[in-house]
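Numbering (our numbering), first residue to last: 47 to 128.
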């Protein structure tokens, strides 16, 4: 199965280094971002993030379900450009 689809957002497709977090702008989403910032400060971990829109059920779209089949809104993956 292809990792990305044509509908995968460019910010996700073009993430090129470190970890890439896909999350929502909620308190739980912020917790993961805080942890990644702490890892960056201590270990130099590079990371990027993309926000999804829960109001439009973006986490249930095909491109997102390929990355996270259970449709949970916080997903972290190793960034790599196709």
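Idealized CB from N, CA, C, for every residue including glycine.
| field | CA-to-CA distance, residue 64 to residue 92, given in whole angstroms | value | Taking the Cα positions, residue 92 is about 5 Å away from residue 64.
| query | Is the region 101-108 in contact with the region 79-93, if contact means three or more CB pairs nearer than 8 Å? | reply | Cβ pair count under 8 Å is below three, so no.
| Contact check, residue 119 vs residue 98 under 8 Å by CB: the rounded distance? | Contact holds; Cβ gap of about 6 Å.
| task | In angstroms with no decimal places, state the Cα-to-Cα distance between residue 115 and residue 58. | result | Between residue 115 and residue 58, the C-alpha separation is close to 16 Å.
| request: Measure the alpha-carbon distance for residue 60 versus residue 95 and round it to whole angstroms. | output: Residue 60 and residue 95: Cα-Cα distance of roughly 11 Å.
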